[in-house]
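Student: Each residue of the sequence shown is one higher than the one before, starting from 192 at the first, in my numbering.
Just so you know, even glycine gets a beta-carbon here, dropped at the ideal spot from N, CA and C.
Owing to the predicted nature of the structure, the values given are computational and were not obtained by experimental measurement.
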Amino acid sequence: MAIERIKPGGVYPSPRFSHVVRIGDLVYISGQTARAADGSAVGAGDAGAQAEQVMENIGACLASVGASWEQVVRTKVYQTDYSQMARVREARDKYLLQGHLPASTSLFIEGLVDPAFLIEVEAIAYLGQGSTNMAIERIQPKGVAPTNRYSHVVKAGDTVYIAGQTARDADGNLVGEGDAGAQTEQIMKNIVSCLASVGATLDNLVNVNIYLTAPEQADRVREARAKYMGTDNMPASTFVFITGLAAPEYLVEIEAVAYLG
């Protein structure tokens, strides 16, 4: 299966990376920033305006492989200005359709490659055009508080994308205020529920990314995670300290990918 590296029309080309890489039915879209097709920066100081340009760029990337927003299975949003989160959400909601929401993670960080950029969004899409021709399934797992901003679980073929999970219980209540260990335990329970919704277990996990805002509590996170993860079937994993999550009370967020084959 050949790898295709694509330069989408309407997106400012870069000599440093490919905006779009396609491998069969999977399409990886590089982190998009608020650059117009002519290379100019859009929306100085305005994260909402920047988010709209970012979403336009992602749309152009999708179009380059004959895809649309309905085929996006996962997004990751990086922001630098917490005070403008609502503006970003408003812009994002203009493009994403209820019933076709991707699994998503939203992170706040110190900065992006250009200080003028306030937001960057990366994405994965699934074309479902291979011999299996399996449809995308977006699932609300039992035991996990529902949301109308993203899908907790997206199944694309044999791959399962689990949105960044936070320490909300099934009723939407925060668990473990100020305690990253207790929050991690709730998160792992949520991930177990997400996996169960597609008939999977923790043994099916292939990748886990952990984001923590309280570095001094890293050991508490590791201890809580170890209660759920054995030593024989551990996933590939990344553990990153960041400046913030979608709500200030969240200390930890964990996203995951599982494989069912």
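Taking just the CA atoms, how far does residue 193 sit from residue 222?
Tutor: Roughly 22 Å between the two C-alpha positions.
Student: Where does residue 233 fall in DSSP's three states?
Tutor: Three-state DSSP puts residue 233 in coil, outside helix and strand.
Student: With respect to the alpha helix (DSSP H) encompassing residue 381, which residues constitute its N-terminal and C-terminal limits?
Tutor: Start and end: 371 to 387.
Student: Where DSSP assigns a beta bridge to residue 400, which residues make up the other side?
Tutor: The partner list for residue 400 (beta bridge, DSSP) reads 429 and 446.
Student: Could you check what DSSP says for residue 342 in three-state terms: helix, strand or coil?
Tutor: In this structure, residue 342 counts as coil in the three-state DSSP scheme.
Student: Roughly how many whole angstroms lie between the Cα atoms of residue 324 and residue 349?
Tutor: In this prediction, residue 324 has a pLDDT of 49, which is less than 50 and means its spatial position is unreliable; what the coordinates show is noted afterwards. Straight-line Cα distance between these residues: approximately 11 Å.
Student: For residue 309, which of 215, 214, 232 and 345 has the nearest alpha-carbon?
Tutor: For the residues 215, 214, 232 and 345, the minimum Cα distance to residue 309 belongs to 232.
Student: Name the one or two DSSP bridge partners that residue 211 has.
Tutor: Paired residues: 197 and 220.
Student: For residue 328, does the three-state DSSP call read helix, strand or coil?
Tutor: Of the three classes helix, strand and coil, the one that applies to residue 328 here is strand, per DSSP.
Student: Would you list the residues sitting across from residue 269 in a DSSP beta bridge?
Tutor: For residue 269, which the question treats as bridged, DSSP gives the partners 298 and 311.
Student: Would DSSP call residue 289 helix, strand or coil?
Tutor: Looking at residue 289 - three-state DSSP - the assignment turns out to be coil, as it is neither helix nor strand.
Student: Looking at residue 365 and residue 373, is the spacing between their C-beta atoms short of 7 Å?
Tutor: Against a cut-off of 7 Å, the Cβ pair of residue 365 and residue 373 comes out as no contact.
Student: For residue 213, which residues in the same chain have their Cβ closer than 6 Å to its Cβ, ignoring the five residues on either side in sequence?
Tutor: Contacts found: 195 and 256.
Student: In chain order, what residues of the same chain have a beta carbon less than 6 Å from the beta carbon of residue 311, not counting five sequence neighbours either side?
Tutor: The residues are 222, 224, 269 and 303.
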